[in-house]
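2 protein chains.
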Amino acid sequence: MADGGVLVEWENIESRPFPVREYRDRLARVQESMARREISSLVVADPANLYYLTGYNAWSFYTPQCLIVPATGEPQLFMRAMDAQGAHYTAYLSTDLIHGYPEELVHRPDVHPFDWIAEKALEVGVLEDARGSRVAAETDAHFFSARSYLALRDRLQHAELVDSLELVNWVRIVKSPLEQDKMRVAGEIAQTVMQIALDNVEPGRRQCDVVAHIQYAQALGARKLGGDYPAIVPMLPTGETAGTPHLTWSDLPLRKGEATTIELAGVYHRYHVPLARTVSLGKPPKELRRCAGAVTEGLHAALDMLRPGSTGRQVQAAFADTIARYGYVKESRVGYSIGIGYPPDWGERTISLRAEDLTLIQPGMAFHVILGMWMDGWGYELSEPVLVGEDGPERLAPLPQELVVKKK
Amino acid sequence: MADGGVLVEWENIESRPFPVREYRDRLARVQESMARREISSLVVADPANLYYLTGYNAWSFYTPQCLIVPATGEPQLFMRAMDAQGAHYTAYLSTDLIHGYPEELVHRPDVHPFDWIAEKALEVGVLEDARGSRVAAETDAHFFSARSYLALRDRLQHAELVDSLELVNWVRIVKSPLEQDKMRVAGEIAQTVMQIALDNVEPGRRQCDVVAHIQYAQALGARKLGGDYPAIVPMLPTGETAGTPHLTWSDLPLRKGEATTIELAGVYHRYHVPLARTVSLGKPPKELRRCAGAVTEGLHAALDMLRPGSTGRQVQAAFADTIARYGYVKESRVGYSIGIGYPPDWGERTISLRAEDLTLIQPGMAFHVILGMWMDGWGYELSEPVLVGEDGPERLAPLPQELVVKKK
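The structure is reproduced here in structure tokens:
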């Protein structure tokens, strides 16, 4: 049905966005980190970590699956049989390293796929149930359920089972040059999509109509490069509910006199660049304008501090000190590390820009500096996605950093 | 900024898609089921179950949150402070029953939000750590991590901690008349969107362009009722990869001579109607046509069996026996229960239509009969979403049940 030449292109370019040597390098860094913590096997369940380490990419994370990384040698994939069958379209691993559990284990009260996975992993040797063996699992990953954990624990009678403490996420935090290129494309998409969103926020238009345009543009992408799906749907709390983050849309019309905060992402090959802006339909209330001014000034202070050698604590303080001069306080973090994302989150769950974070910022890290001010009955959001370079932050989606006002 | 009248409309119509008496009835049925199993407290983490029991609806499930249902009395919500603040926009619960944990507990290696939640739940009385107390948790729900489970378990020294066995999911399985109306709207949206998808599959068009049209239409909705976001993004494996389920899209062009399977959903107020069809660009290979014919005949046999009093085992057998006459075998289930959905899955995780399922089918249940044939290098998908009535299935998205062929 398909001619060979084009298939080669699909396999080499599209389904494997990185050359195999990049995956080998990532694996080496994960195994080094495992060695430092004396971990014999690492059970990886976060789809972003699976993608990072193998290229595996499908919407199969709603049933249990994992990659098990041994202290040395090749990692192996364990997933539902129907997904294992085609996993080599995206993962670089050879098919003998990909194992499928039988269909009848799905959604059963009496047996669980992780019973099978633990057994199989012991059999193929990526897990060892011996005294002195130390198995780390991603106990706070989104798709590693308590039942999966309990099944794994029950099978390990001698090995110690510990928390991975987001080991792979921490390896992901510094982006390689090839990853930085993906982020730049994602940034172009984010900027294009946000401009379309801002253009479409008009009085009388339904929230869902604006979302339709956003989602259309997200898939279209930029520069002939197609967009990928975002880990979070577009969020546009409006009017009184703009004081509440994380609300999705309704089919009510936007109204003159109200402000809408828009948060969305551009995505390319699973790399995310999120972006937030606020648009006022009609003349904004004085308090909103005042808040927007303070936040823009605070953003500049935060970006000045976001450079190699600084800490999240310092970035947060730069912002907090600036807005404090205007009488504002923000309790939540002012940003977080970004890169690969899968639903439900585009954050990496590593560095947060907040008082408690003392990690040194390094070149190659990427952050979403997000300044959400959720007030009683109104809100304001402004964000800046950046790559950290030797001399400071590179803006990935350089739109004007102000409240957008539509007066007509 | 907004006049009172319109705000009332927002609060009563949009943000609360059901009257309060519907939530009270759902709670009563959950508490009856808890009583039968002698459960003193039920920890509900699945966002679909939170929505079902309270109306709470926001993209906040990427940080820990739960509803705790006591044996008698009101349930209480526990979530991140920034989300708790506005939870009453969608949940019917009064604000004193909604508790927000401090921001500094998010993404920390040393402390966890569930430490706080367990403590607070004991304090307000929806949990009791006493001998004889039996706490059930949703240990296989997608957003209840192993770490959340361990934090809860560590705080309970005397109470017994057991698996909920999808208690709320099983209560959800029979849809009320108001829920059935939501499903019918979702079905209209699914049908509209699939027609647009089929129209847009053309040689030379990129996969991401087709997805752009699908996502646009999903948000637009039908009959002036806006569409909601789907639990799963559109999937359209094409050409050789059509033999692999769950692959998402790329930016490669569709090609003449290839077949594409499309799986998507129409969504209204979180109720999902999924739908799958296959389209061939150009004359289909004989084997694909033969498979499609057998599957359509098998679908009719399955739908004839899908009526009150039957079991999943019988529905599956009706399909399997029919396609066996053509020499085909399908190893995976032929369908599952549907209703409310949140990422990453639109299935209810209760009844599967397969040999192992002996649950009696009842009026008011809804199913996605999905017949995916994943062959080596090609595939075929056809589905039928239905509501079970007294006399048999009501088709929710009645499109022709055949392979779509575009010859030009």
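Protein chains in written order, with the working numbering: chain A, 82 to 489; chain B, 82 to 489.
For every residue, glycine included, the Cβ atom is placed at its ideal position computed from N, Cα and C.
Everything numeric in this text was worked out from a predicted model, so none of it was measured.
Worksheet item: Should Glu429(A) be labelled buried (16 or more other beta-carbon atoms within 10 Å of its own) or exposed?
Response: Buried, since its Cβ has 16 or more Cβ neighbours within 10 Å.
Item to complete: Report the three-state DSSP secondary structure of Lys487(A) (helix, strand or coil).
Response: Of the three classes helix, strand and coil, the one that applies to Lys487(A) here is strand, per DSSP.
Worksheet item: Going by Cα to Cα distance, which pick from Asp177(B), Pro190(B), Ile149(B) and Ala168(B) is closest to Ser433(A)?
Response: For Ser433(A), the nearest C-alpha among the options comes from Pro190(B).
Worksheet item: Among residues of its own chain, excluding the 5 on either side of Glu95(B), which ones have a beta-carbon nearer than 7 Å to its beta-carbon?
Response: Note on Glu95(B): pLDDT 46, under 50, position unreliable in the model; the coordinate value appears next. For Glu95(B), there are no CB contacts under 7 Å within the same chain when 5 residues up- and downstream are skipped.
Worksheet entry | Selection from Leu186(B), His239(B) and Asp127(B) that minimises the alpha carbon distance to Leu158(B) | Answer by Cα proximity: Asp127(B).
Worksheet item: What does a CB cutoff of less than 6 Å around Ala303(B) pick up in its chain, not counting 5 residues either side in sequence?
Response: Result list for Ala303(B): Glu269, Ile270 and Thr273, in chain order.
Practice prompt. Pull up the distance between the alpha-carbon of Glu471(A) and that of Glu465(A), whole angstroms please.
Written response: Linking Glu471(A) to Glu465(A) through their CA atoms gives a straight-line distance of about 18 Å.
Item to complete: Would you mind stating whether Gly167(B) and Asp332(A) have Cβ atoms separated by less than 7 Å?
Response: No. Outside cutoff.
Discussion item. Within 7 Å of any Cβ in chain B, is that where the Cβ of Arg228(A) sits?
Written reply: It does: the Cβ of Arg228(A) has a partner Cβ on chain B nearer than 7 Å.
Worksheet entry | Which of helix, strand or coil DSSP assigns to Ile254(B) | Secondary structure at Ile254(B): coil, using DSSP grouped into helix, strand and coil.
Practice prompt. Give the secondary structure of Gln157(B) by DSSP, where H, G and I count as helix, E and B as strand, and everything else as coil.
Written response: Correct three-state label for Gln157(B): strand.
Worksheet entry | Residues of its chain near Leu441(A), where Cβ-Cβ distance is below 7 Å and the 5 sequence neighbours each way are ignored | So the list reads Gly390 and Thr392, once near-sequence residues are dropped.
Worksheet item: Using a Cβ-Cβ distance under 7 Å, would Pro424(A) count as near chain B?
Response: With 7 Å as the cut-off, Pro424(A) counts as an interface residue toward chain B.
Fill in: DSSP bridge partner residues for Arg358(B) (one or two, in chain order)
According to DSSP, Arg358(B) shares a beta bridge with Ile343(B).
Discussion item. Is it buried or exposed, Pro479(B), if we count other Cβ atoms within 10 angstroms and call 16 or more buried?
Written reply: That one is exposed.
Worksheet item: Taking DSSP as the reference, what is the three-state secondary structure of Asp290(A)?
Response: DSSP, reduced to helix, strand and coil, places Asp290(A) within a helical segment of the structure shown.
Worksheet entry | Helix, strand or coil at Met454(A) [DSSP, three-state] | In the structure shown, Met454(A) sits in a strand (DSSP, three-state: E or B).
Discussion item. Closer than 7 Å between beta carbons: that is the criterion. Which residues of the segment 307-329 of chain A meet it against chain B?
Written reply: Within the segment 307-329 of chain A, the residues whose Cβ lies closer than 7 Å to some Cβ of chain B are Gly307, Gly308, Tyr310, Ile313, Val314, Met316, Gly320, Glu321, Thr322, Gly324, Thr325, Pro326, His327, Leu328 and Thr329, listed in chain order.
Worksheet item: The beta strand (DSSP E) spanning Thr135(A) covers which residue range?
Response: Boundaries for Thr135(A): no beta strand (DSSP E) harbours it, while the alpha helix (DSSP H) harbouring it runs Pro128 to Thr135, taken from the DSSP string.
Discussion item. In the DSSP assignment, the alpha helix (DSSP H) including Glu368(B) goes from what residue to what residue?
Written reply: It spans Lys367 to Met386 - the alpha helix (DSSP H) in which Glu368(B) sits, taken as one unbroken run.
Worksheet entry | Limits of the unbroken beta strand (DSSP E) element including Arg406(A) | Unbroken run through Arg406(A): none, as it is neither H nor E.
Worksheet item: Using a Cβ-Cβ cut-off of 6 Å (strictly less than) and excluding sequence neighbours within five positions of Ile277(B), which residues of its own chain qualify?
Response: Correct list, in chain order: His294 and Ala298.
Item to complete: Have a look at Ile313(B) and Arg265(B) and give me their C-alpha separation to the nearest angstrom.
Response: Approximately 19 Å, taken between the alpha carbons.
Item to complete: Using a Cβ-Cβ cut-off of 7 Å, state whether Gln395(B) counts as contacting chain A.
Response: No, Gln395(B) lies away from the interface with chain A (no Cβ there is under 7 Å from its Cβ).
Fill in: Per-residue contacts from Arg107(B) into chain A (C-beta, under 9 Å)
Residues of chain A passing the Cβ test: none, with the nearest at roughly 22 Å.
Discussion item. Within 7 Å of any Cβ in chain B, is that where the Cβ of Phe159(A) sits?
Written reply: Output row for Phe159(A): interface = no.
Discussion item. Using only the alpha-carbon positions, how far apart do Ala109(A) and Ile419(A) sit?
Written reply: Ala109(A) and Ile419(A) have their alpha carbons spaced roughly 22 Å apart.
Practice prompt. Reducing DSSP to helix, strand and coil, say where Val205(A) ends up.
Written response: Three-state result, Val205(A): helix.
Item to complete: Using a threshold of 7 Å, state whether the C-beta atoms of Phe195(A) and Pro145(A) are closer than that.
Response: Phe195(A) places its beta carbon less than 7 Å from that of Pro145(A).
Practice prompt. With a threshold of 16 other CB atoms inside 10 Å of the CB of Gln395(A), please say whether the residue is buried or exposed.
Written response: Taking every protein chain shown into account, the CB of Gln395(A) has 16 or more other CB atoms within 10 angstroms, so this residue is buried.
Worksheet entry | Rounded straight-line distance, which links the Cα of Asp177(A) to that of Thr342(B) | Each residue's Cα considered, the two are about 27 Å apart.
Discussion item. Helix, strand or coil for Pro194(A)? Go by DSSP, reduced to three states.
Written reply: If DSSP states are grouped into helix, strand and coil, Pro194(A) belongs with the helices.
Discussion item. For Leu231(A) and Asp221(B), what's the separation of their Cα atoms in angstroms?
Written reply: Computed Cα separation, rounded: 10 Å.
Item to complete: Determine the direct distance from the alpha carbon of Ser122(B) to that of Glu241(B), and round the result to whole angstroms.
Response: Straight-line Cα distance between these residues: approximately 10 Å.
Worksheet item: When the Cα atoms are used, what is the spatial distance from Arg107(B) to Ile404(B)?
Response: Straight-line Cα distance between these residues: approximately 40 Å.
Discussion item. Counting only beta-carbon separations shorter than 7 Å, does His381(A) have a partner in chain D?
Written reply: Judged by its chain identifiers, the structure shown contains no chain D, and its protein chains are A and B.
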